[in-house]
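To keep things clear, I will list the structure first and then write my remarks on it.
2 protein chains.
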Amino acid sequence: MPQPTSQGTVLPLFTEPGGTPIRRVTTASAIYGRLHAAILSLEMKPGAALQEKRIAEEFGVSRTPVREALLRLAEAGLVEIFPQSGTFVARIPVSAIPEAVVIRKSLEGTTVEKATAVAEPKDIARLDAIIARQRVHAGLGETSAFHEQDEAFHEAISAIAGYPGIWALLKTVKLQIDRARRLTLPALGRMDSVIEEHVTIRDAIAVHDRDAAHAAMMHHLSAVIPDIDELRLLHPGFFR
Amino acid sequence: MPQPTSQGTVLPLFTEPGGTPIRRVTTASAIYGRLHAAILSLEMKPGAALQEKRIAEEFGVSRTPVREALLRLAEAGLVEIFPQSGTFVARIPVSAIPEAVVIRKSLEGTTVEKATAVAEPKDIARLDAIIARQRVHAGLGETSAFHEQDEAFHEAISAIAGYPGIWALLKTVKLQIDRARRLTLPALGRMDSVIEEHVTIRDAIAVHDRDAAHAAMMHHLSAVIPDIDELRLLHPGFFR
DNA sequence: TGTTGGATACTAGTATATCAATTATCGTCA
DNA sequence: TGACGATAATTGATATACTAGTATCCAACA
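These protein sequences, in sequence, are chains A and B. Note that numbering that gives the first Met the number 0 numbers the first sequence so that position 109 is 108, with each residue one more than the last. Note that numbering that gives the first Met the number 0 numbers the second sequence so that position 160 is 159, with each residue one more than the last.
Written as structure tokens, this is what we have:
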């Protein structure tokens with residue numbers, strides 16, 4: 000039992016040297032990860048039916064951890080649970096996407112301004128390293144790895160600004176945008192543009208030009224908005 | 000069974016006329032609501048021990064729905080689950096609060112600017128109605144009702160701007176700030192200041208003065224930041 | 001023919017009992 | 001005093017059964 004304190008209130012001892020709960024890999028979280036990846040990659044198509052029982056049998060576990068995973072996915076907006084009816088891979092909420100873009104612009108605008116104010120040479124080097132990796136991946140046409148480094152670039156700016164929580168928040172906000180973007184064919188030419196835009200942002204941060212950094216970020220984020228109307232025609236039933 | 004479509008993909012019929020899942024009141028969600036309210040109101044003190052079994056007995060239900068509720072609360076950051084050890088009401092994460100304020104300023108700044116651009120007379124009337132109610136509650140010293148209308152004011156601005164999702168997001172971000180604020184004694188004088196600040200924001204929106212509205216909102220949000228260091232002295236053990 | 005109504009099968013929600021894995025406590029012993 | 005080991009307690013997971021809604025299908029009926 001954890002050590003008791005004054006108010007009948009107790010706190011764990013050994014478990015919490017790091018301050019945060021040690022999230023051991025449980026069955027539920029493993030299943031969550033699998034489904035999360037499958038839904039994000041569109042391997043599981045929006046609107047597809049899921050069944051606790053079937054998934055449980057597939058992974059060779061009981062319904063309990065599957066259920067926990069599905070509940071978490073529902074909260075993230077990746078599945079829709081209809082009580083006593085069924086569970087479905089969430090269709091992409093069209094109406095939420097413009098708002099998600101606004102949120103992203105607002106928060107990343109704030110973040111890049113702060114990063115510009117506090118960036119040190121080692122921070123610039125960090126961005127350079129990411130951009131260099133992007134160049135390699137773009138050259139080899141490795142779209143998936145390229146995208147990872149794209150995320151890393153934005154995450155790094157949040158970290159430099161001292162706002163890691165903002166990136167964590169943005170990851171959840173970006174979810175539906177990313178699903179929509181997966182529907183677009185990987186345009187190789189676009190990768191070069193992204194790199195250029197990243198370089199522009201990096202340069203503005205390096206010379207501590209707040210307004211330029213903000214403008215460059217806005218331009219960059221505007222360029223990555225997927226054309227929903229077109230996607231909707233190509234993939235009816237994937238949106239709502 | 001839901002109606003089948005082309006791809007082996009099925010969609011619910013009756014359940015989804017409104018577009019969103021009809022969240023029937025399940026036992027789990029009811030317990031979630033109870034605990035959520037109790038934690039937010041500080042009725043359950045940060046650091047207090049919870050036990051699935053005890054809660055289940057208290058409400059006269061099994062461990063299953065209690066467990067689901069606790070998992071959702073853990074995701075919201077309101078409880079901390081230490082595997083094989085115990086579950087505790089989350090202490091207020093001091094380090095996250097400044098970042099939460101930054102997020103709030105960023106998003107509400109964006110929101111109020113948009114609202115200023117698109118506000119119509121009926122929107123201003125809506126804000127006036129809320130402010131009027133705040134005056135009544137302040138006069139009667141009803142701090143709880145006053146706070147509700149404070150939330151309503153900010154929510155209304157989001158709605159006017161056409162970004163209801165931003166307010167939904169902010170509600171989750173605000174959680175820990177609100178818990179900290181609950182620790183401050185209800186300062187009656189502060190209520191009048193809040194009303195004044197709201198009026199300033201409302202006036203700026205009414206005359207479509209973007210910069211003034213933004214500045215007023217920034218000033219307002221800066222004024223409601225709780226003094227963490229002081230609270231920490233008064234309530235050691237409530238923070239981490 | 002078209003509609004209604006109910007039987008039926010299916011799914012998620014809940015209950016219960018049980019075991020496993022891990023942790024914290026506390027008494028024992030050197 | 002300090003280390004060690006038994007013990008109790010708690011969450012994680014399993015298995016099973018039952019309940020309560022939901023969609024489908026088909027037969028009876030107008």
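Note that the Cβ used here is the ideal one computed from N, Cα and C, for glycine as well.
In this structure ILE38 of chain B touches LEU77 of chain B by the C-beta definition: roughly 5 Å separates them, less than 8 Å.
In chain order, ALA95 and GLU98 make up the part of chain A whose C-beta sits under 7 Å from the C-beta of GLY164 of chain B.
Following the DSSP letters along the chain, one finds GLY164 of chain B inside the alpha helix (DSSP H) bounded by residues 163-182.
Using beta-carbon distances, LEU77 of chain A does not count as an interface residue toward chain B, since no partner is under 7 Å. Apart from the 5 residues on each side of it in sequence, HIS153 of chain B sits with its Cβ closer than 8 Å to the Cβ of GLU107, TRP166 and LEU169 in its chain, given in chain order.
Counted as a single uninterrupted DSSP element, the beta strand (DSSP E) harbouring VAL78 of chain B occupies residues 78-81.
For GLY85 of chain A, the enclosing beta strand (DSSP E) starts and ends at 85-88. Taken atom to atom, the span from the alpha-carbon of THR142 of chain A to that of ASP149 of chain B is near 47 Å. When C-beta atoms of the segment 29-46 of chain A are compared with those of the segment 68-77 of chain A, three or more pairs fall below 8 Å, so the two segments count as touching. Taking the C-beta atoms as reference points, HIS218 of chain B is found no nearer than 7 Å to LEU182 of chain B. For LEU49 of chain B, the pairing in a beta bridge is given by DSSP as B:THR86. The way I'd put it, the segment 122-136 of chain B does touch the segment 189-201 of chain B; three or more beta-carbon pairs between them come closer than 8 Å. Take ALA55 of chain B, set aside five residues on each side of it, and the residues of its chain with a beta-carbon closer than 7 Å to its own are SER61, ARG62 and VAL65, in chain order.
Inside the segment 212-237 of chain B, DSSP marks no whole beta strand (DSSP E) run of 3 or more residues.
For SER143 of chain A, the closest Cβ of chain B is not nearer than 7 Å.
One alpha carbon belongs to ILE227 of chain B, the other to ALA179 of chain B, and they sit about 8 Å apart. For SER40 of chain B, the closest Cβ of chain A is not nearer than 7 Å. Under the criterion of beta carbons closer than 8 Å, ARG71 of chain B and LEU70 of chain A qualify as touching, at roughly 7 Å. Taking a Cβ-Cβ threshold of 8 Å, none of the residues of chain A is close to SER61 of chain B; the smallest such distance is about 12 Å.
In chain order, PRO45, GLN175, ARG178, ALA179, PHE237, PHE238 and ARG239 place their CB closer than 8 Å to the CB of ILE91 of chain A, counting only its own chain and leaving out the 5 sequence neighbours on each side. For a cut-off of 8 Å, the C-beta gap from GLU51 of chain B to THR86 of chain B is around 7 Å, short enough to register as a contact. Annotation for THR115 of chain A: ILE204, HIS207, ARG209 and ALA212 place their beta carbon closer than 6 Å to its own, counting only its chain and skipping 5 residues before and after.
At a cut-off of 7 Å between beta carbons, THR115 of chain B makes no contact with chain A.
Counted as a single uninterrupted DSSP element, the stretch harbouring PRO92 of chain B is not any alpha helix (DSSP H), since DSSP gives it neither H nor E. When 8 Å is used as the limit between beta carbons, SER105 of chain B is near these residues of chain A: SER105, LEU106, GLY108 and THR109, in chain order. Membership of LYS44 of chain B in any alpha helix (DSSP H) is not indicated, and neither H nor E is assigned to it by DSSP.
For VAL65 of chain A, the enclosing alpha helix (DSSP H) has its first and last residue at 62-75.
For the C-beta of LEU49 of chain B, not a single chain A residue is nearer than 9 Å; the gap to the nearest is close to 10 Å. In this structure, the alpha-carbon of GLY138 of chain A lies about 22 Å from that of ALA155 of chain A. Of the residues A:GLY161, A:LEU220 and A:VAL111, the one whose Cα lies closest to the Cα of ALA95 of chain B is A:GLY161. Sequence-distant partners of LEU230 of chain B (beyond 5 residues in either direction) whose C-beta falls short of 8 Å from its own C-beta, in its chain, are ALA179, LEU182, THR183, PHE237 and PHE238. For VAL193 of chain B, the closest of B:ALA158, B:LEU232, B:ALA131 and B:VAL172 by C-alpha to C-alpha distance is B:ALA131. Taking C-beta separations shorter than 7 Å and ignoring five residues to either side along the sequence, the partners of ALA68 of chain A in its chain run ALA27, ILE30, TYR31 and LEU34, following chain order. Between ALA99 of chain A and VAL172 of chain A, the gap from beta carbon to beta carbon is short of 7 Å. Residue environment for GLN83 of chain B: exposed (fewer than 16 other C-beta atoms within 10 angstroms of its C-beta).
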